[in-house]
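K.L.:
Quick note on numbering: the numbering used here labels position 75 of the sequence shown as 543, and the sequence is numbered without any gaps.
For every residue, glycine included, the Cβ atom is placed at its ideal position computed from N, Cα and C.
All of these numbers come straight from a predicted model, not from anything done at the bench.
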Amino acid sequence: KCADIGHVTLPVGLHVSWVRSLQEEFFMQGDKESEQRRPISFLCDRNKPRNGPAYGENQLGFLDVICEPMYTAWVKLFPTCEELLENLQANRRYWENDAQTLEVVEV
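1. Compute the distance between the beta-carbons of Gly474 and Phe494, then report whether it is under 7 Å.
2. Give me the Cβ distance between Trp486 and Leu528, rounded to the nearest whole Å; I'm assuming they're in contact under 8 Å.
3. How would you label Ile534, buried or exposed, when you count the other beta carbons within 10 angstroms and need 16 or more for buried?
4. Tell whether a beta-carbon distance below 7 Å holds between Arg488 and Ala541.
5. Taking all protein chains shown into account, decide if Leu556 is buried (16 or more other Cβ within 10 angstroms of its Cβ) or exposed.
6. Consult DSSP for Ile534 and reduce its assignment to one of helix, strand or coil.
7. Between Gln497 and Leu553, what straight-line distance do the alpha-carbon atoms span, to the nearest angstrom?
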């Protein structure tokens, strides 16, 4: 599981690049769903304001609920991996700033 979402432990610039790529993938899925007149999946509608993974409030939920508990447990088992948790926390601060400013912050 840690490997599947490993981008959350990369340095901020690399992590944000991954998230923006994921956002485009999500939006392309939403575009296909719209073309097929199907309901657009969660975070996949590019026409909704501040929708998609690359917005602070969405990333904070993902980091807080899924990633941080998992990597905290991982680091307890493998203390030499502390840098992963430190990078995750730096990424959380980045998205926290984005959520407060209501604009995408460039890295």
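P.N.:
The answer reads as follows:
1. no
2. Their Cβ separation, rounded to whole angstroms, is 16 Å, which puts Trp486 and Leu528 out of contact at 8 Å.
3. exposed
4. no
5. buried
6. helix
7. 31 Å
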